[in-house]
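Visitor:
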Amino acid sequence: VGDSITLGLFSAKSYPKQLQDLLGPRYIVRTFAASDATVLRKTARPYHKSQEYLGALLFAPDYAVLQFGAHDSKSSNWEEHCTDFAQDYTRLIEAFHALPSKP
Numbered sequence: 043v044g045d046s047i048t049l050g051l052f053s054a055k056s057y058p059k060q061l062q063d064l065l066g067p068r069y070i071v072r073t074f075a076a077s078d079a080t081v082l083r084k085t086a087r088p089y090h091k092s093q094e095y096l097g098a099l100l101f102a103p104d105y106a107v108l109q110f111g112a113h114d115s116k117s118s119n120w121e122e123h124c125t126d127f128a129q130d131y132t133r134l135i136e137a138f139h140a141l142p143s144k145p
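First residue of the sequence shown? That's 43 in the working numbering, and the numbers climb one at a time after it.
#1: Relative to the C-alpha of Gln109, which residue among Thr73, Lys84, Asn119, Gly66 is closest?
#2: Give me the Cα-Cα distance between Ala137 and Lys59, rounded to the nearest whole angstrom.
#3: How many whole angstroms separate the CB atoms of Lys152 and Asp126, which I take to be in contact at a CB cut-off of 8 Å?
#4: Based on the DSSP output, what are the partners of Gly44 in its beta bridges?
#5: By the three-class DSSP mapping on this structure, what secondary structure does Pro88 have?
#6: Please return the same chain residues whose Cβ sits closer than 6 Å to the Cβ of Ala98, not counting the five positions on each side in sequence.
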């Protein structure tokens, strides 16, 4: 779960692909990353409003790795909403903890 960095747009091998390689075939690693997404809820591309977020929740993972911050830290987002970062990240984590799979 994350932004364009998680998608691996600027890398030959994305984080999820590397994780799948490390874990092997006994695990299914899925990518629910949205380009330009932020954990901050009051930006132009908040992750919680994306199709990827809905997909991640519907997938009901046993484990979830969240990677955000690159787009949150852009001055256009951070200067106005930095005080919301911890609370918004906590809300995202709580949404996954509330799943029946309890990741």
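Note that beta-carbon positions come from the ideal geometry of N, C-alpha and C, so glycine has one too.
Guide: Taking the coordinates as given:
#1: Thr73
#2: Across the structure, Ala137 and Lys59 are spaced so that their CA atoms are roughly 24 Å apart.
#3: Limits of the chain in this structure are 43 at one end and 145 at the other, which puts residue 152 out of reach.
#4: Ala75, Gln109
#5: strand
#6: Val43, Phe74.
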